[in-house]
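Following our numbering, the numbering of the sequence shown begins with 108 at its first residue and continues without gaps.
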Amino acid sequence: MRTTAIAFDFDGTLIRGGWDKGVHILYASYVACVEQGFADVVPPADLDRHLPLMVKAYMNYMGSPRFQQLSAIVNAVLNGIPYAVETPVALKADAAHLAAYGAVQNRYNEVYSALNDVAARLFWRPFPSVRETLAELAKTHDLFIASGVLQDILDGDLAKHAFDLSVFKGIFGSNRTGGADKGQILQEILAKGYRTVLFCGDSSKDCEYANAAKVRFFRVRNDASYGALLALLKRGEWPDESVPWSEGSDLAGYYRDKAVKPIRAFIAGRPMTFEAISTWINS
Ligand SMILES: [Mg+2]
Numbered sequence: 108m109r110t111t112a113i114a115f116d117f118d119g120t121l122i123r124g125g126w127d128k129g130v131h132i133l134y135a136s137y138v139a140c141v142e143q144g145f146a147d148v149v150p151p152a153d154l155d156r157h158l159p160l161m162v163k164a165y166m167n168y169m170g171s172p173r174f175q176q177l178s179a180i181v182n183a184v185l186n187g188i189p190y191a192v193e194t195p196v197a198l199k200a201d202a203a204h205l206a207a208y209g210a211v212q213n214r215y216n217e218v219y220s221a222l223n224d225v226a227a228r229l230f231w232r233p234f235p236s237v238r239e240t241l242a243e244l245a246k247t248h249d250l251f252i253a254s255g256v257l258q259d260i261l262d263g264d265l266a267k268h269a270f271d272l273s274v275f276k277g278i279f280g281s282n283r284t285g286g287a288d289k290g291q292i293l294q295e296i297l298a299k300g301y302r303t304v305l306f307c308g309d310s311s312k313d314c315e316y317a318n319a320a321k322v323r324f325f326r327v328r329n330d331a332s333y334g335a336l337l338a339l340l341k342r343g344e345w346p347d348e349s350v351p352w353s354e355g356s357d358l359a360g361y362y363r364d365k366a367v368k369p370i371r372a373f374i375a376g377r378p379m380t381f382e383a384i385s386t387w388i389n390s
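Written as structure tokens, this is what we have:
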């Protein structure tokens, strides 16, 4: 074991994923609610009011486990509270809705995964400098992945992009119950006894996770971030960007604009194919 560890978020950090996932989450949530017993909670007439609430809920949990994101969105439309709940009971829904919530989760999971698969095939690639940077850093630090992506999906994505897994000491994703978030993963890495632990991520939520786990943070903005990180570490300077930032109203507007078209097509009974949705998001 080395004395220093560097953990990487996956989506948007190792993989150039853009903001697609947020739109996928919004669409998958809406479709799952309509199809699985929550249609009365999201009537088409309320879409203009609900969508900003859904976006707000999602943006409170960017990069968090998917079922946490869903519960925040459902809580937002049901109760006007854009925050996740620990258990479905806390959604304060009636018995029929509570009984249907598992089916909503399953359908949401299915639609979200299918959209991600299509986007991964058509658009998502690792940042060009990632492989080289990981190989270089692995010479002097223990490397980890700490991701909000479900573990089996994370393992599949790493294989699909042909990552050299030997550079990592550990690869940790989330589980279906929404547990094992990045904060816990980072705490466990730190508890192994490293002198310094650095988390590299792309969202403000990642920065909050790092703060909560009392590890350092480096923000990955684009491919050039990897060169900057290497240069800093070569000089023996450890990044420590501990101030979370606001993802901004631009991003909220982007999510609304990109999600509203496929949702309206779905409501009209003419759902877009997943390929068409992904191409629309990336246009
Ligand atoms: Mg990310």
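Don't be surprised by glycine CBs; every beta carbon is placed ideally from N, CA and C.
Along the chain, where does the beta strand (DSSP E) that runs through L250 open and close? Translated into the one-based positions of the sequence shown, residue 250 becomes position 143. Its beta strand (DSSP E) spans residues 249-257.
On the criterion of 16 or more Cβ atoms from any shown chain inside 10 Å, does N182 qualify as buried, or is it exposed? Here the question's residue 182 lines up with position 75 in the sequence shown. Under this definition N182 is a buried residue.
Along the beta strand (DSSP E) that carries L129, what are the first and last residues, could you check? Against the sequence shown, residue 129 aligns to sequence position 22. Looking at the sequence shown, residue 129 is not Leu but Gly. It is not in any beta strand (DSSP E) - G129 instead sits in the alpha helix (DSSP H) that spans 127-142.
Just checking, does the segment 308-324 make contact with the segment 343-354 on the three C-beta pairs under 8 angstroms criterion? yes
Assuming A359 and V162 form a contact by the criterion Cβ under 8 angstroms, report the distance between their Cβ atoms to the nearest whole angstrom. To locate residue 359, count along the sequence shown from 1; it is residue 252. To locate residue 162, count along the sequence shown from 1; it is residue 55. Going by Cβ atoms, the distance from A359 to V162 rounds to 5 angstroms, so yes, they are a contact pair.
Going by DSSP, name the residue or residues bridged to D118. On the sequence shown, position 11 is the one that residue 118 refers to. I122, per the DSSP bridge assignment.
Nearest-angstrom beta carbon gap, Y333 and S178 [assumed within contact, 8 angstroms]: Here residue 178 refers to the residue found at position 71 of the sequence shown. Here residue 333 refers to the residue found at position 226 of the sequence shown. Not a contact, Cβ separation roughly 34 angstroms.
Run the proximity test for S54: is its beta-carbon closer than 7 angstroms to any non-hydrogen atom belonging to ligand 1? The shown model of the chain, from 108 to 390, leaves out residue 54, and the question about it has no answer.
Give every residue of the same chain whose Cβ lies closer than 7 angstroms to the Cβ of S302, excluding the five residues on either side of it in the sequence, and list them in chain order. In the sequence shown, residue 302 corresponds to position 195, counting from 1. Here residue 302 turns out to be Arg, not Ser, going by the sequence shown. Same-chain partners within the cutoff: T110, T111.
Mind reading off the beta-carbon distance from G355 to Y316? Whole number of angstroms is fine, and I expect it under 8 angstroms. Locating residue 355 in the sequence shown gives position 248, where the first residue counts as 1. Locating residue 316 in the sequence shown gives position 209, where the first residue counts as 1. Not a contact, Cβ separation roughly 20 angstroms.
Apart from the five residues just before and just after A207, which ones in its own chain have a Cβ nearer than 8 angstroms to its Cβ? Within the sequence shown, the letter at position 100 stands for residue 207. The residues are Q143, G144, F145.
Taking the alpha-carbon of K365 as reference, which of L261, S390, A221, V141 has the nearest alpha-carbon? As a working note, residue 365 is residue 258 in the sequence shown. The shortest C-alpha separation from K365 is found at S390.
If you run the structure through DSSP and keep just helix, strand and coil, what is D234? Translated into the one-based positions of the sequence shown, residue 234 becomes position 127. The residue you asked about is not Asp; residue 234 is Phe in the sequence shown. Correct three-state label for F234: coil.
Grab the span of the alpha helix (DSSP H) containing V367 for me, first residue to last. Here residue 367 refers to the residue found at position 260 when the sequence shown is read from its first residue. Here the alpha helix (DSSP H) through V367 covers 355-374.
For K276, name the three-state secondary structure that DSSP assigns. For the purposes of this step, residue 276 is taken as the residue at position 169 of the sequence shown. Looking at K276 - three-state DSSP - the assignment turns out to be strand.
D118: beta carbon under 7 angstroms from a heavy atom of ligand 1? The count along the sequence shown starts at 1 and reaches residue 118 at position 11. Within the cutoff, so yes.
Cβ separation of L293 and G280, assumed to be a contact under 8 angstroms, to the nearest whole Å: For the purposes of this step, residue 293 is identified with residue 186 of the sequence shown, where counting begins at 1. For the purposes of this step, residue 280 is identified with residue 173 of the sequence shown, where counting begins at 1. Wrong, their Cβ atoms sit about 13 angstroms apart, outside the cutoff.
Suppose you measure from the CA of D271 to the CA of R156; what does that come to, to the nearest Å? Sequence index remark: in the sequence shown, residue 271 carries index 164 (1-based). Sequence index remark: in the sequence shown, residue 156 carries index 49 (1-based). Using only the alpha carbons, I get a separation of about 46 angstroms.
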